[in-house]
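Report on the following structure.
Protein chains in written order, with the working numbering: chain R, 1 to 125; chain A, 1001 to 1130.
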C-alpha cells in the first residue's frame, strides 16, 4: 500500500500529501505520524495540503485527529495550502476545522511553528 | 446516456472522485462547483461502502431548457436507513463518522433525492446544474 512520506526538519515534521488519498492511506498517515512524534520528540507538524483536490468529511476528521493527537504528544500542528475551492466546500459541508491552526503556505506555517516553539522555550528559562 | 461503475473498495471511492471530476470538467463546471460535486460523491460513495456493503455509481448528463447539468446516482443494496429524518441531521452518525455525510452532501448540490427501504437498500440521486 502507498504511504505518505514524513520529512524531518530539525524539531519539526513536514508532511506533504501529493497523492489521491483513500481512507486506508489516511489512517496509516495518522499512525505513522503519531509514532514518529513520539520517537523524535518533534515539537511541531506541518501538514501541507496544497495538492489535495478535495477534503471530504473523512479527510477533515483525519486533519482534526492529527491535530488533537499531536497536541497530546506536545507537538503543534499547522495545516497549510488548502485550495480556495476546497476551503469553500469544507465550510459548506459543515466542517470548519475548529481548533486546527492554519496558514496560507508552508513558509508562513513554518514561521508559526518556530515562533511558538521559541515562546515555549522562553517560558522554561 | 447513462454509465456506471461499482463502488466496493476505498480505492473505488478515489476512482469515483476522479470519474466525477472528469465529467464535471466536461460539463463545463467551474473549479468550485467541480470540487463540491466531487466532495458530495466522495461522501455518498463512502456511505455506500460503510453502511450499504458496497454499491454502484451511475452518471447521466442532463439538460433543462438549455441548462446543462450532471445527475449522479449512488445506490446500494444494504440494510437501508430506518430513520431517514435522523440520518439527514447534521452531526448524527450511526457509525464512526462525523455525521456530515448526508446533510453535507445535500448542501453541495442543487437537487438531492434519497429513497431508502429497510432490508432493500438506499439510493441517492443528486443533480448539479451549471
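Note that the Cβ used here is the ideal one computed from N, Cα and C, for glycine as well. Computed from a prediction, not measured in an experiment: that's the story for all the values here.
With the criterion set as a beta carbon lying under 9 Å from some beta carbon of chain R, the stretch 1072-1086 of chain A has no members that meet it. If you look at residue 86/R, you'll find it in the alpha helix (DSSP H) that goes 84-93.
The beta-carbon of residue 85/R is placed less than 9 Å from the nearest beta-carbon of chain A. Within the stretch 1017-1061 of chain A, the complete alpha helix (DSSP H) segments at least 4 residues long are 1031-1050, listed from N- to C-terminus. In this structure, DSSP gives residue 100/R a state outside helix and strand, which the three-state scheme calls coil. In this structure, the beta-carbon distance from residue 85/R to residue 1034/A falls below 9 Å.
Collapsing the DSSP output to three states places residue 76/R in a strand. Chain R places a beta carbon closer than 9 Å to that of residue 1043/A, counting this residue as a contact. What residue 1090/A touches in chain R, judged by beta-carbon distance under 8 Å, is 94, going in chain order. Shown here for residue 1027/A: same chain residues with a beta carbon closer than 8 Å to its own, the five before and five after excluded, namely 1061, 1068, 1069, 1070 and 1130 in chain order.
Put simply, the CB of residue 55/R is near chain A, with a gap under 9 Å to one of its CB atoms.
Per DSSP, the unbroken alpha helix (DSSP H) holding residue 1106/A starts and ends at 1101-1107. In the pairwise beta carbon analysis, the stretch 1011-1027 of chain A is classified as not touching the stretch 28-43 of chain R: fewer than three pairs are separated by under 8 Å.
At a cut-off of 9 Å between beta carbons, residue 22/R contacts chain A. For residue 26/R, the uninterrupted alpha helix (DSSP H) run begins and ends at 23-40, by DSSP.
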